[in-house]
Structure formats: structure tokens, C-alpha cells
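*Asks:*
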Amino acid sequence: MGTIGLIVQTVSAIFFAVVGLFLFALFQPALNGWFDGPQTVPVEISQQRMAEKAADMDRVEDGIHLETGLIAAEGWETVRATCTACHSAKLVTQNKATRDGWKNMIVWMQETQGLWDLGDQENAILDYLAANYAPEESSRRANLDMEAIEWYLLEL
Ligand code: HEC
3 MGTIGLIVQT
13 VSAIFFAVVG
23 LFLFALFQPA
33 LNGWFDGPQT
43 VPVEISQQRM
53 AEKAADMDRV
63 EDGIHLETGL
73 IAAEGWETVR
83 ATCTACHSAK
93 LVTQNKATRD
103 GWKNMIVWMQ
113 ETQGLWDLGD
123 QENAILDYLA
133 ANYAPEESSR
143 RANLDMEAIE
153 WYLLEL
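Here it is in C-alpha cells:
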């Protein structure tokens, strides 16, 4: 090999060494932790986090279950378990219907959307829906009690 070849070899060796050092310096922060073992979270801490998360998911404030928006009245947990499997609870909370209306929606989902037979739970679910998501009419004030009114004459 001639002198020129030797020079070319030396120069390129130095060149690659410099490029290598440069790249190493560039990515070195990213290499932090590559040679450490897997990170372990102490069991107590991960259990505590899971408990906090579970508590968050069950949180009820002012009678509303925060995660789903369902009214936290009797039967709500059955409704959460059954009626949020396929879609958001919003579909429930944004609807209002009579007991029959809710029954029809359930039948429609059973016939067309693959909703299963609700068995014993159907009654509890319908009770909850009819009580908490009833049409506006049923929340109108009661009719006046004509007997109880004290009539008086307007003085003109
Ligand atoms: C097996 C899946 C599944 C389950 C479980 C399910 N649904 Fe549905 N439901 C659907 C599908 C699919 C739709 C149509 C969604 C859409 O139009 O985007 C729907 C739509 C609805 C609607 C809207 C109906 C309308 O006329 O707009 C309501 C209200 C509803 N579901 C209530 C419930 C209630 C209450 C339960 C619990 C008893 C329930 N769903 C459980 C699949 C399901």
C-alpha cells in the first residue's frame, strides 16, 4: 500500500472516530437507562394507585356519578354495569322516556344491536330509568287542588 493509501486510511479512520464520538455525544442522554434493569414500582405504591383510581371511578358528587354522569339513585350501579358496555352512558342520560319507552329501546337493542337478555336485572333497570329519566310531563307540577284554594275577590 502506498503512502497515499495509508494517509487516506488514517484520515478516514479519524473521520469515523470523530463522527462516532459526535453521535455518541448527541444521543448520550437518550442512552441513559439503557443499561439499567427494568424499573420496578414497589407493590404498595402500585396497589395504592389502583385503589385511588378505583375510588375515582366510583366517585359520586351531588347525587351524580362523576365518571358516567348517571344519577346515583337506587339501581344505578346495575345500569352502569349493563348499559355502558357498548356505548357511552350519555346515550342513557340524554334520553327521557316512560317505562314502556325504555322497554322499547331495550327490545330494539336486543333485536338489532346484540343486547343480551337482561334477565332478573331488567326490572331493576327499568325501575331506575323510569324513575330518573322520565319524560318532562311527569315532572310538571301536580294539578291544582281546587278544594284547598282560598278564593278571594279582587277589589277593583
Ligand atoms: C350490546 C350492546 C349494547 C348494550 C349492552 C346497550 N346498548 Fe344501548 N345501544 C346500542 C347501540 C349499538 C346503539 C345505537 C348507537 C348509535 O346509534 O350510535 C344503542 C343506542 C341506545 C340508545 C339511543 C336510542 C335512540 O333511540 O337514540 C339508548 C337510549 C340506549 N342505547 C340505552 C341503553 C340502555 C339503557 C342500556 C342498558 C339496559 C343499553 N343501551 C345497553 C348497543 C347497546
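Quick note on the numbering used here: the sequence shown kicks off at 3 and runs consecutively. Just so you know, even glycine gets a beta-carbon here, dropped at the ideal spot from N, CA and C.
(1) If you run the structure through DSSP and keep just helix, strand and coil, what is Val-62?
(2) Less than 8 Å between the CB atoms is what I'm expecting for Glu-76 and Tyr-130, so what's the real figure, rounded?
(3) Whole angstroms are fine: how far does the CA of Thr-42 sit from the CA of Thr-86?
(4) Can you list, in chain order, the stretches of the alpha helix (DSSP H) that have 4 or more residues and sit fully within the region 6–50?
(5) DSSP state of Ile-151, grouped into three classes?
(6) Out of curiosity, what's the CA-to-CA distance linking Ala-91 and Glu-69?
(7) Going along the chain, which residues of its own chain have a beta-carbon closer than 6 Å to the beta-carbon of Asp-1, five neighbours each way excluded?
(8) Compare the beta carbon distance of Asn-127 and Val-81 with 8 Å and say whether it is the shorter of the two.
(9) If distances are taken between C-alpha atoms only, which option among Pro-44, Ala-83, Asp-38 comes closest to Asp-60?
(10) Answer yes or no: the CB of Gln-30 versus the heavy atoms of ligand 1, is any distance below 7 Å?
(11) Just the Cα atoms here: how many angstroms apart are Ala-19 and Val-13?
(12) Look at the alpha carbon of Glu-149 and the alpha carbon of Leu-156, and state the distance between them as a whole number of angstroms.
(13) Taking 8 Å as the cut-off, decide whether the C-beta atoms of Ala-99 and Pro-40 are in contact.
(14) So Cys-85 is in the alpha helix (DSSP H); what residue range does that whole segment cover?
*Replies:* On the basis of the data shown:
(1) As a first step, residue 62 must be located in the sequence shown, where it is residue number 60. Assignment of Val-62 by DSSP, reduced to helix, strand and coil, places it in the strand class.
(2) Within the sequence shown, the letter at position 74 stands for residue 76. Within the sequence shown, the letter at position 128 stands for residue 130. Taking a contact as a CB-CB distance under 8 Å, the pair Glu-76 and Tyr-130 counts as one, their CB atoms being some 7 Å apart.
(3) Position 84 of the sequence shown holds residue 86. Position 40 of the sequence shown holds residue 42. Thr-86 and Thr-42: Cα-Cα distance of roughly 34 Å.
(4) Runs of the alpha helix (DSSP H) lying entirely within the region 6–50, each at least 4 residues long, are absent.
(5) Within the sequence shown, the letter at position 149 stands for residue 151. In the structure shown, Ile-151 sits in coil (DSSP, three-state: anything other than H, G, I, E or B).
(6) As a first step, residue 91 must be located in the sequence shown, where it is residue number 89. As a first step, residue 69 must be located in the sequence shown, where it is residue number 67. If I take the Cα positions, the gap works out to 9 Å.
(7) The structure shown has nothing for residue 1, since the chain only spans 3 to 158.
(8) Residue mapping note: residue 127 aligns to position 125 of the sequence shown, counting from 1. Residue mapping note: residue 81 aligns to position 79 of the sequence shown, counting from 1. Just to set this straight, residue 127 is Ile in the shown sequence, not Asn. Going by C-beta atoms, Ile-127 is nearer than 8 Å to Val-81.
(9) Sequence index remark: in the sequence shown, residue 60 carries index 58 (1-based). Distance from the Cα of Asp-60 is smallest, within the candidate group Pro-44, Ala-83, Asp-38, for Ala-83.
(10) One-based indexing of the sequence shown puts residue 30 at position 28. Result no, Cβ not under 7 Å from ligand 1.
(11) One-based indexing of the sequence shown puts residue 19 at position 17. One-based indexing of the sequence shown puts residue 13 at position 11. Computed Cα separation, rounded: 10 Å.
(12) Along the sequence shown, one-based indexing puts residue 149 at 147. Along the sequence shown, one-based indexing puts residue 156 at 154. Rounded to the nearest angstrom, the two C-alpha atoms are 19 Å apart.
(13) Within the sequence shown, numbered from 1, the residue matching residue 99 stands at position 97. Within the sequence shown, numbered from 1, the residue matching residue 40 stands at position 38. 8 Å or more divides the Cβ of Ala-99 from the Cβ of Pro-40.
(14) Indexing the sequence shown from 1 puts residue 85 at position 83. Per DSSP, Cys-85 belongs to the alpha helix (DSSP H) from 78–85.
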